[in-house]
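When the letters of the sequence shown are read in order and numbered with the numbering used here, they come out as residues 4 to 281. We put the CB at the ideal spot given by N, CA and C, even for glycine. To start, the structure under review is shown below, and the notes come after it.
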Amino acid sequence: MMEYLDYFFDDTSEFVNTYDEIPLWSAPFGLLFLKNIELRPNLMVLDLGSGTGFPLLELAERLGKTSKCFGLDPWINGNERAKQKIKNYGINNVEIIHGSADKIPFENGSIDLIVSNLGINNFDNPKSVFSECKRVLKPSGKLALTTNLDGHWAEFYNIFEQTLRQMGRNDLMEKLSEHQRHRGTVEIISKLFKESGLIVTRCYEEQFEMRFLDGSSFLRHHFVKLGWLSSWKNLLPPDELKTIFVKLENNLNDYSVKSNGLYLTVPMAYVEGEKAIL
């Protein structure tokens, strides 16, 4: 049964009421961010891609009432859930704004700190976003972000490549490689900072591990279907989807038996830069 191939994400208010990505995915990155970000009073803070409010609301509460925090995101239903959390938690120093990171609705030199937890992965035009960050940051203002890196789920992608080779589809290898490369490296991310006029001041790399019983449980997990399945399907000819995924799932399961489970490594980084004083 390949029922997961029929999955379709329906972005509704009912869906977002049960959306809780934090324990599965966002928490390790958010905790890396919270461990390293400097907490100071009287800050104007902007979170790009604030989603349903993590780690924005946690940061706002840790900074306290002297700071003002804003969350910027184009996701309407996510914004509404974040607003409900703000109301439920009684947080008075946070405001949610509907908008895009490549057109930040703040004046030049008005923000002390810009943060983004996994947001850079989803920016269509990162260079434009970094340019906007420089524009709205005060002199010596900081941009701090977390992101997963090239090598994400290497164990899975190695088996994906093996599967394509076994099926004689070497012609699809470049598309799969390109899909993996979009996550970038610390060097690539640092280059984005530099090209935008921001000086990288701190960088920390860590990794964590996600564990599943086997490939079948992995491919059917709700967040895997939500976050990755459509991008994998887009790499393959529609009329060969089922055949390739049957082979891929079997290969993942064989690997899981030999390895006593499916262990997937996630390298991640916290990168912080500062706007130079001219």
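Simplified DSSP assignment, three categories, for residue i
{"i": "Ser143", "result": "strand"}
{"i": "Thr204", "result": "strand"}
{"i": "Ile99", "result": "strand"}
{"i": "Glu110", "result": "coil"}
{"i": "Tyr22", "result": "coil"}
{"i": "Asp127", "result": "coil"}
{"i": "Ile40", "result": "coil"}
{"i": "Asp14", "result": "coil"}
{"i": "Asn80", "result": "helix"}
{"i": "Ser199", "result": "coil"}
{"i": "Trp28", "result": "helix"}
{"i": "Gly56", "result": "coil"}
{"i": "Thr69", "result": "coil"}
{"i": "Asp105", "result": "coil"}
{"i": "Ile94", "result": "coil"}
{"i": "Pro241", "result": "helix"}
Residues bridged to residue i (per DSSP)
{"i": "Ile117", "result": "Leu49 and Leu146"}
{"i": "Asn151", "result": "Met271"}
{"i": "Gly74", "result": "Asp50 and Ile99"}
{"i": "Met213", "result": "Leu267"}
Residue from the options whose Cα sits closest to the Cα of residue i
{"i": "Asn120", "options": "Glu61, Leu167, Gly67 and Asp50", "result": "Asp50"}
{"i": "Cys72", "options": "Val189, Ile94 and Arg84", "result": "Ile94"}
{"i": "Lys145", "options": "Glu277, Glu6, Met271 and Tyr7", "result": "Glu277"}
{"i": "Asp105", "options": "Ile117, Ser131, Thr268 and Ser113", "result": "Ser131"}
{"i": "Cys206", "options": "Ser199, Glu198, Lys194 and Gly200", "result": "Lys194"}
{"i": "Ser259", "options": "Ile107, Leu62 and Glu158", "result": "Glu158"}
{"i": "Thr166", "options": "Glu243, Ile202, Pro108 and Lys228", "result": "Glu243"}
{"i": "Leu59", "options": "Pro241, Asn96 and Glu208", "result": "Asn96"}
{"i": "Phe196", "options": "Leu46, Asn253 and Lys137", "result": "Lys137"}
{"i": "Ser220", "options": "Tyr266, Asp14, Met47 and Arg65", "result": "Tyr266"}
{"i": "Thr204", "options": "Glu41, Asp13 and Thr15", "result": "Glu41"}
{"i": "Glu208", "options": "Ser199, Thr188 and Val227", "result": "Thr188"}
{"i": "Asp127", "options": "Val118, Ile117, Ser103 and Ser113", "result": "Ser103"}
{"i": "Lys141", "options": "Met47, Glu98, Glu164 and Ala85", "result": "Met47"}
{"i": "Asp14", "options": "Trp78, Asp257, Leu34 and Glu164", "result": "Trp78"}
{"i": "Gly33", "options": "Val19, Arg43, Asn20 and Gly54", "result": "Gly54"}
{"i": "Leu148", "options": "His155, Thr69 and Asn125", "result": "Asn125"}
{"i": "Glu198", "options": "Phe133, Tyr160, Leu222 and Leu255", "result": "Phe133"}
{"i": "Thr268", "options": "Leu239, Tyr160 and Gly52", "result": "Tyr160"}
{"i": "Gln87", "options": "Asn20, Arg65 and Ser233", "result": "Asn20"}
Host alpha helix (DSSP H) of residue i (start-end)
{"i": "His185", "result": "Where His185 is concerned, there is no enclosing alpha helix (DSSP H), given that its DSSP letter is neither H nor E."}
{"i": "Leu229", "result": "Counting along the chain, Leu229 falls outside any alpha helix (DSSP H), and DSSP gives it neither H nor E."}
{"i": "Ala279", "result": "Run containing Ala279: none; DSSP gives neither H nor E here."}
{"i": "Asn173", "result": "Segment: none, Asn173 is in no alpha helix (DSSP H) and carries neither H nor E."}
{"i": "Asp257", "result": "Leu244 to Ser262"}
{"i": "Gly218", "result": "Gly218 to Arg223"}
{"i": "Trp235", "result": "Ser233 to Lys236"}
Spatial distance of residue i from residue j (CA atoms)
{"i": "Gly218", "j": "His225", "result": "14 Å"}
{"i": "Met213", "j": "Gly74", "result": "28 Å"}
{"i": "Lys38", "j": "Pro31", "result": "11 Å"}
{"i": "Gly81", "j": "Glu17", "result": "11 Å"}
{"i": "Leu152", "j": "Gly67", "result": "32 Å"}
{"i": "Gly264", "j": "Glu135", "result": "44 Å"}
{"i": "Gly122", "j": "Ile25", "result": "14 Å"}
{"i": "Phe215", "j": "Asp76", "result": "31 Å"}
{"i": "Met170", "j": "Gln183", "result": "20 Å"}
{"i": "Tyr22", "j": "Asn173", "result": "37 Å"}
{"i": "Glu61", "j": "Pro108", "result": "23 Å"}
{"i": "Glu190", "j": "Ala272", "result": "11 Å"}
{"i": "Trp231", "j": "Met5", "result": "16 Å"}
{"i": "Glu110", "j": "Leu175", "result": "46 Å"}
{"i": "Ser143", "j": "Leu116", "result": "9 Å"}
{"i": "Asn45", "j": "His185", "result": "36 Å"}
{"i": "Ile100", "j": "Lys250", "result": "45 Å"}
{"i": "Phe211", "j": "Ile162", "result": "20 Å"}
{"i": "Glu164", "j": "Phe248", "result": "12 Å"}
{"i": "Phe11", "j": "Arg84", "result": "21 Å"}
{"i": "Asn253", "j": "Thr246", "result": "11 Å"}
{"i": "Leu27", "j": "Gly112", "result": "36 Å"}
Cutoff 7 Å: residue i Cβ touching any chain C Cβ
{"i": "Gln210", "result": "In summary, chain C is missing from the structure at hand, where a single protein chain is found."}
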